[in-house]
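Engineer:
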Amino acid sequence: MRLGIFSFLLVLLAGPALGQTEFTGRWAADMQKFAKADAEHPSEPGGVVFVGSSSIRLWDLEKSFPKLDPPALNRGFGGSQLADSIRYAELLVTSHKPRIVVIYAGDNDIAAGKTAERVESDFVKLAEKIQTELPETKIAFIAVKPSTRRWNLADTIQDANARVAKRCADNDQWTFIDVWKPMLGEDGKPREELLRDDGLHMTDKGYELWSSLVRPLLKDEDQK
(Lines of atoms letter the chains of each structure in order from A and count residues from 1; the text may use other names and numbers.)
(Lines give C-alpha, C1' and ligand atoms only; values in the text may rest on other atoms or scores of the structure.)
Protein backbone atom coordinates (compact mmCIF):
# COMPACT_ATOMS: atom_id res chain seq x y z
CA MET A 1 0.00 0.00 0.00
CA ARG A 2 2.79 2.39 0.97
CA LEU A 3 4.71 1.48 -2.18
CA GLY A 4 1.65 2.26 -4.29
CA ILE A 5 1.20 5.68 -2.71
CA PHE A 6 4.91 6.41 -3.12
CA SER A 7 4.78 5.50 -6.81
CA PHE A 8 1.72 7.70 -7.31
CA LEU A 9 3.51 10.65 -5.73
CA LEU A 10 6.52 10.10 -7.97
CA VAL A 11 4.30 10.27 -11.05
CA LEU A 12 2.75 13.52 -9.84
CA LEU A 13 6.14 15.07 -9.19
CA ALA A 14 7.54 13.87 -12.49
CA GLY A 15 4.60 15.17 -14.50
CA PRO A 16 5.87 18.71 -15.20
CA ALA A 17 9.35 17.43 -16.03
CA LEU A 18 7.84 15.11 -18.60
CA GLY A 19 5.87 17.87 -20.26
CA GLN A 20 2.63 16.99 -18.47
CA THR A 21 1.95 20.49 -17.11
CA GLU A 22 -1.76 21.21 -17.09
CA PHE A 23 -2.90 24.12 -19.27
CA THR A 24 -6.37 25.56 -19.57
CA GLY A 25 -8.17 27.76 -22.06
CA ARG A 26 -8.10 28.08 -25.82
CA TRP A 27 -4.41 27.34 -26.22
CA ALA A 28 -4.17 24.39 -23.83
CA ALA A 29 -3.51 21.82 -26.56
CA ASP A 30 -0.85 23.96 -28.22
CA MET A 31 0.93 24.68 -24.97
CA GLN A 32 0.79 21.02 -23.97
CA LYS A 33 2.35 20.10 -27.31
CA PHE A 34 5.17 22.61 -26.81
CA ALA A 35 5.79 21.48 -23.22
CA LYS A 36 5.97 17.85 -24.35
CA ALA A 37 8.37 18.74 -27.16
CA ASP A 38 10.57 20.67 -24.73
CA ALA A 39 10.68 17.72 -22.33
CA GLU A 40 11.50 15.20 -25.05
CA HIS A 41 13.92 17.38 -27.03
CA PRO A 42 15.35 20.19 -24.86
CA SER A 43 16.65 23.08 -26.92
CA GLU A 44 20.18 24.41 -26.66
CA PRO A 45 20.58 27.92 -25.22
CA GLY A 46 21.82 30.66 -27.51
CA GLY A 47 19.54 29.84 -30.43
CA VAL A 48 16.73 31.67 -32.22
CA VAL A 49 13.07 31.41 -31.27
CA PHE A 50 10.31 32.42 -33.68
CA VAL A 51 7.05 33.14 -31.87
CA GLY A 52 3.61 34.43 -32.87
CA SER A 53 0.60 33.51 -34.94
CA SER A 54 -0.01 31.27 -37.95
CA SER A 55 2.46 33.09 -40.19
CA ILE A 56 5.10 31.74 -37.81
CA ARG A 57 3.46 28.35 -37.32
CA LEU A 58 3.36 27.68 -41.07
CA TRP A 59 6.94 28.78 -41.67
CA ASP A 60 9.36 25.97 -42.56
CA LEU A 61 12.27 27.41 -40.61
CA GLU A 62 14.61 24.50 -41.30
CA LYS A 63 14.17 25.08 -45.03
CA SER A 64 14.58 28.84 -44.74
CA PHE A 65 17.55 28.80 -42.36
CA PRO A 66 19.28 25.44 -42.85
CA LYS A 67 22.64 26.56 -41.42
CA LEU A 68 21.36 27.77 -38.07
CA ASP A 69 23.01 25.92 -35.20
CA PRO A 70 21.17 25.20 -33.02
CA PRO A 71 18.17 24.99 -35.39
CA ALA A 72 15.55 27.72 -35.12
CA LEU A 73 12.71 26.89 -32.75
CA ASN A 74 9.17 27.45 -34.06
CA ARG A 75 6.73 28.50 -31.36
CA GLY A 76 3.92 29.81 -33.54
CA PHE A 77 0.30 28.98 -32.76
CA GLY A 78 -2.39 29.89 -35.26
CA GLY A 79 -4.95 32.54 -34.39
CA SER A 80 -2.94 33.90 -31.48
CA GLN A 81 -2.52 37.52 -30.50
CA LEU A 82 0.32 39.33 -28.75
CA ALA A 83 -1.41 38.95 -25.38
CA ASP A 84 -1.28 35.16 -25.79
CA SER A 85 2.47 35.20 -26.34
CA ILE A 86 2.82 37.44 -23.29
CA ARG A 87 0.84 34.99 -21.18
CA TYR A 88 2.97 32.01 -22.20
CA ALA A 89 6.29 33.82 -22.65
CA GLU A 90 8.14 31.59 -20.21
CA LEU A 91 7.19 28.37 -21.98
CA LEU A 92 7.44 29.76 -25.49
CA VAL A 93 10.55 31.89 -25.19
CA THR A 94 12.50 32.53 -22.00
CA SER A 95 12.89 28.89 -20.94
CA HIS A 96 14.93 28.34 -24.12
CA LYS A 97 17.35 31.19 -23.36
CA PRO A 98 17.62 32.34 -27.01
CA ARG A 99 20.00 34.98 -28.30
CA ILE A 100 17.36 36.30 -30.67
CA VAL A 101 13.56 36.23 -30.63
CA VAL A 102 11.66 36.87 -33.87
CA ILE A 103 8.03 37.92 -33.36
CA TYR A 104 5.15 38.00 -35.82
CA ALA A 105 1.88 39.03 -34.22
CA GLY A 106 -0.57 41.90 -34.30
CA ASP A 107 -2.36 40.74 -37.43
CA ASN A 108 -5.07 38.90 -35.50
CA ASP A 109 -5.13 41.62 -32.85
CA ILE A 110 -6.18 44.26 -35.36
CA ALA A 111 -8.64 41.90 -37.06
CA ALA A 112 -10.23 41.40 -33.63
CA GLY A 113 -10.72 45.15 -33.24
CA LYS A 114 -7.68 46.12 -31.20
CA THR A 115 -6.13 49.52 -31.86
CA ALA A 116 -2.70 50.34 -33.20
CA GLU A 117 -1.87 51.69 -29.75
CA ARG A 118 -2.76 48.34 -28.20
CA VAL A 119 -0.52 46.47 -30.62
CA GLU A 120 2.31 48.84 -29.74
CA SER A 121 1.82 48.48 -25.99
CA ASP A 122 1.49 44.69 -26.14
CA PHE A 123 4.65 44.40 -28.22
CA VAL A 124 6.51 46.45 -25.61
CA LYS A 125 5.08 44.28 -22.81
CA LEU A 126 6.23 41.11 -24.55
CA ALA A 127 9.68 42.44 -25.38
CA GLU A 128 10.21 43.77 -21.86
CA LYS A 129 8.96 40.55 -20.30
CA ILE A 130 11.49 38.60 -22.32
CA GLN A 131 14.35 40.95 -21.53
CA THR A 132 13.56 41.05 -17.83
CA GLU A 133 14.58 37.40 -17.80
CA LEU A 134 17.10 37.59 -20.63
CA PRO A 135 18.59 41.10 -20.74
CA GLU A 136 21.08 40.26 -23.51
CA THR A 137 18.50 38.75 -25.85
CA LYS A 138 17.69 40.68 -29.00
CA ILE A 139 14.11 41.15 -30.17
CA ALA A 140 12.95 41.42 -33.80
CA PHE A 141 9.41 42.33 -34.79
CA ILE A 142 8.25 41.44 -38.29
CA ALA A 143 5.84 44.13 -39.49
CA VAL A 144 2.20 43.20 -39.74
CA LYS A 145 1.91 42.17 -43.36
CA PRO A 146 -0.45 43.48 -46.04
CA SER A 147 -3.07 40.97 -47.18
CA THR A 148 -6.03 41.08 -49.53
CA ARG A 149 -8.38 39.63 -46.92
CA ARG A 150 -7.58 42.37 -44.40
CA TRP A 151 -6.88 45.21 -46.81
CA ASN A 152 -9.74 47.17 -45.23
CA LEU A 153 -7.58 47.35 -42.10
CA ALA A 154 -4.54 48.72 -43.94
CA ASP A 155 -4.59 52.13 -42.25
CA THR A 156 -4.65 50.64 -38.75
CA ILE A 157 -1.98 48.12 -39.66
CA GLN A 158 0.33 50.81 -41.01
CA ASP A 159 -0.25 52.89 -37.89
CA ALA A 160 0.65 49.92 -35.69
CA ASN A 161 3.75 49.19 -37.75
CA ALA A 162 4.89 52.80 -37.53
CA ARG A 163 4.45 52.80 -33.76
CA VAL A 164 6.39 49.57 -33.27
CA ALA A 165 9.08 50.73 -35.69
CA LYS A 166 9.59 53.88 -33.60
CA ARG A 167 9.84 51.82 -30.42
CA CYS A 168 12.46 49.63 -32.04
CA ALA A 169 14.41 52.64 -33.29
CA ASP A 170 14.65 53.85 -29.70
CA ASN A 171 16.06 50.56 -28.37
CA ASP A 172 19.42 49.17 -29.44
CA GLN A 173 18.31 45.57 -28.88
CA TRP A 174 15.03 45.77 -30.78
CA THR A 175 14.78 45.54 -34.57
CA PHE A 176 11.80 46.27 -36.82
CA ILE A 177 11.71 44.20 -40.01
CA ASP A 178 9.62 45.96 -42.64
CA VAL A 179 7.78 43.44 -44.82
CA TRP A 180 4.94 45.82 -45.67
CA LYS A 181 6.58 47.68 -48.55
CA PRO A 182 8.27 44.64 -50.14
CA MET A 183 4.94 42.78 -50.17
CA LEU A 184 3.22 45.48 -52.20
CA GLY A 185 3.13 45.55 -55.99
CA GLU A 186 3.49 48.51 -58.33
CA ASP A 187 -0.24 49.16 -57.90
CA GLY A 188 0.23 49.62 -54.16
CA LYS A 189 -1.75 46.47 -53.34
CA PRO A 190 -0.59 43.13 -51.87
CA ARG A 191 1.32 41.00 -54.37
CA GLU A 192 -0.90 38.03 -55.21
CA GLU A 193 1.97 35.59 -55.68
CA LEU A 194 2.99 36.04 -52.05
CA LEU A 195 -0.40 35.03 -50.62
CA ARG A 196 -2.37 31.81 -50.69
CA ASP A 197 -5.86 31.57 -52.14
CA ASP A 198 -7.32 32.59 -48.77
CA GLY A 199 -5.77 36.03 -49.24
CA LEU A 200 -4.19 35.90 -45.78
CA HIS A 201 -1.56 33.20 -45.34
CA MET A 202 1.64 33.13 -47.32
CA THR A 203 2.98 31.06 -50.18
CA ASP A 204 6.51 29.69 -50.45
CA LYS A 205 7.43 32.86 -52.36
CA GLY A 206 6.12 34.92 -49.47
CA TYR A 207 8.33 33.05 -47.04
CA GLU A 208 11.30 33.36 -49.38
CA LEU A 209 10.85 37.12 -49.21
CA TRP A 210 10.52 37.11 -45.43
CA SER A 211 13.57 34.88 -45.06
CA SER A 212 15.67 37.25 -47.16
CA LEU A 213 14.67 40.11 -44.86
CA VAL A 214 15.23 38.21 -41.60
CA ARG A 215 18.47 36.48 -42.60
CA PRO A 216 20.74 39.55 -42.17
CA LEU A 217 19.70 39.71 -38.52
CA LEU A 218 20.73 36.07 -38.06
CA LYS A 219 23.91 36.30 -40.15
CA ASP A 220 26.29 35.31 -37.35
CA GLU A 221 24.34 32.15 -36.58
CA ASP A 222 23.33 31.42 -40.16
CA GLN A 223 26.95 31.30 -41.32
CA LYS A 224 28.03 28.64 -38.81
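With full-length UniProt numbering, letter number 130 in the sequence shown gets 130, and the count goes up by one each step, no holes.
Note that the Cβ used here is the ideal one computed from N, Cα and C, for glycine as well.
Could you give the uninterrupted runs of the beta strand (DSSP E) lying entirely in the UniProt domain "SGNH hydrolase-type esterase" (73-209), keeping only those of 3 residues or more?
Structural biologist: Fully enclosed beta strand (DSSP E) runs of 3 or longer: 73-76, 100-104, 138-142 and 174-177.
Engineer: Return the first residue and the last residue of the alpha helix (DSSP H) that residue 34 is part of.
Structural biologist: Looking at the DSSP string, the run of the alpha helix (DSSP H) that includes residue 34 is 28-40.
Engineer: In the DSSP output, which residue or residues are listed as bridge partners for residue 65?
Structural biologist: In DSSP, residue 65 forms no bridge with anything.
Engineer: Using only the alpha-carbon positions, how far apart do residue 109 and residue 40 sit?
Structural biologist: Using only the alpha carbons, I get a separation of about 32 Å.
Engineer: State the CB to CB distance for the pair residue 146 and residue 180, rounded to an integer number of angstroms; the pair is presumed to be in contact (CB under 8 Å).
Structural biologist: With a Cβ gap of about 6 Å, residue 146 and residue 180 count as contacting.
Engineer: Closest to residue 157 by CA distance: which of 149, 106 and 141 is it?
Structural biologist: Of 149, 106 and 141, the residue nearest in Cα terms is 106.
Engineer: I'd like the span of the beta strand (DSSP E) that includes residue 47, first residue to last.
Structural biologist: Unbroken run through residue 47: none, as it is neither H nor E.
Engineer: For residue 213, which option in 142, 104 and 195 has the closest C-alpha, if you only look at C-alpha atoms?
Structural biologist: Comparing Cα positions, the closest option is 142.
Engineer: Compare the C-alpha of residue 36 against each of 211, 170 and 91 and name the closest.
Structural biologist: It is 91 whose Cα lies nearest to the Cα of residue 36.
Engineer: For the 8 Å Cβ check, are there 3 or more pairs between the region 164-174 and the region 196-215?
Structural biologist: No, the region 164-174 is not in contact with the region 196-215.
Engineer: Say whether the region 157-166 touches the region 196-206, bearing in mind that this needs 3 or more beta-carbon pairs closer than 8 Å, one atom from each stretch.
Structural biologist: Touching, no, given that fewer than three Cβ pairs across the two stretches are closer than 8 Å.
Engineer: Who are the near neighbours of residue 79 in its chain, counting only those whose CB is closer than 7 Å to its CB and skipping five residues on each side?
Structural biologist: Within the same chain, residue 79 has close Cβ partners 53, 54 and 108.
Engineer: If you draw a straight line from the C-alpha of residue 22 to the C-alpha of residue 138, how long is it?
Structural biologist: Cα to Cα, the separation comes out at about 30 Å.
Engineer: Can you grab the Cα-Cα spacing for the pair residue 132 / residue 126, in whole Å?
Structural biologist: Residue 132 and residue 126: Cα-Cα distance of roughly 10 Å.
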